[in-house]
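What follows is a short report on a single structure.
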Amino acid sequence: MNIKLITVGKLKEKYLKDGIAEYTKRLSRFAKMEIIELIDEKTPEKASMAQNNQIIAKEGGRISEKIGPRDFVIVLAIEGKQLASEAFSKKLADVTVSGYSDITFVIGGSLGLDPVIKQRANMQMSFGLLTLPHQLMRLVLIEQIYRAFMIQQGSPYHK
599 MNIKLITVGK
609 LKEKYLKDGI
619 AEYTKRLSRF
629 AKMEIIELID
639 EKTPEKASMA
649 QNNQIIAKEG
659 GRISEKIGPR
669 DFVIVLAIEG
679 KQLASEAFSK
689 KLADVTVSGY
699 SDITFVIGGS
709 LGLDPVIKQR
719 ANMQMSFGLL
729 TLPHQLMRLV
739 LIEQIYRAFM
749 IQQGSPYHK
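Its first residue numbered 599, the sequence shown is counted upward by one per residue in my numbering.
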């Protein structure tokens, strides 16, 4: 299985990089993990709605270029479905059984995701109504992917 994480913006914080590296290493026994960091557009202070929409569209175009035609795409969006860890684990297992070998997760930029990307998604997922920094969300997501595999293995890690 191949798991791709497409994110907008660069990760700067060492502690987050270290955590992501640790869970990526742990995941390597279950799947090949690829993280693609895309350039985020600079948002002018007091940007208009039209300017924000242009920025979202530009970032969406970059994201689209990295999504394969046969990828199962899960986007993180506040309006997405919330899942318990066990249900998320089952969803990943079901996707694999359905014939997908490539699962792509997308975390958009600070202004959100282009509607085109949301429409392309096979699933929209939410980690709740809290607003979290996009960089921290990467770590949380990768840990949950690892947890999903550990649940599938019946490991006590989840407890």
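All residues carry an ideal CB built from backbone N, CA and C; glycine is no exception.
**Prompt:** Ends of the alpha helix (DSSP H) at Gln750?
**Reply:** That run of the alpha helix (DSSP H) goes His732 to Gln750.
**Message:** Quick check: Lys716 and Ala682, are their CB atoms within less than 8 Å of each other?
**Reply:** Going by beta carbons, Lys716 and Ala682 fall outside the 8 Å limit.
**Request:** Could you give the DSSP three-state label for Phe725: helix, strand or coil?
**Result:** The answer is coil: DSSP assigns Phe725 none of H, G, I, E or B.
**Asked** Does DSSP classify Thr590 as helix, strand or coil?
**Response** Outside the shown range of the chain (599 to 757) lies residue 590, about which nothing can therefore be said.
**Request:** Quick one: which unbroken alpha helix (DSSP H) runs of 4-plus residues sit fully inside the segment 645-700? Chain order, please.
**Result:** Those alpha helix (DSSP H) runs which fall completely within the segment 645-700 and span 4+ residues are 647-664 and 683-695.
**Prompt:** Along the chain, where does the beta strand (DSSP E) that runs through Leu625 open and close?
**Reply:** Run containing Leu625: none in the beta strand (DSSP E); it sits in the alpha helix (DSSP H), Lys612 to Leu625.
**Item:** Limits of the unbroken alpha helix (DSSP H) element including Lys716
**Value:** Here the alpha helix (DSSP H) through Lys716 covers Pro713 to Arg718.
**Item:** Assumed close pair Ile740, Ile618 - CB separation to whole angstroms, cut-off 8 Å
**Value:** Contact between Ile740 and Ile618 holds, with the beta-carbon distance rounding to 6 Å and staying under 8 Å.
**Asked** With respect to the beta strand (DSSP E) encompassing Lys608, which residues constitute its N-terminal and C-terminal limits?
**Response** Membership of Lys608 in any beta strand (DSSP E) is not indicated, and neither H nor E is assigned to it by DSSP.
**Request:** Inspect the beta-carbon positions of Phe686 and Asn720 and report whether they are closer than 8 Å.
**Result:** No, they are not a contact pair.
**Item:** Opposing strand residues paired with Gly710 [DSSP bridges]
**Value:** Gly707, per the DSSP bridge assignment.
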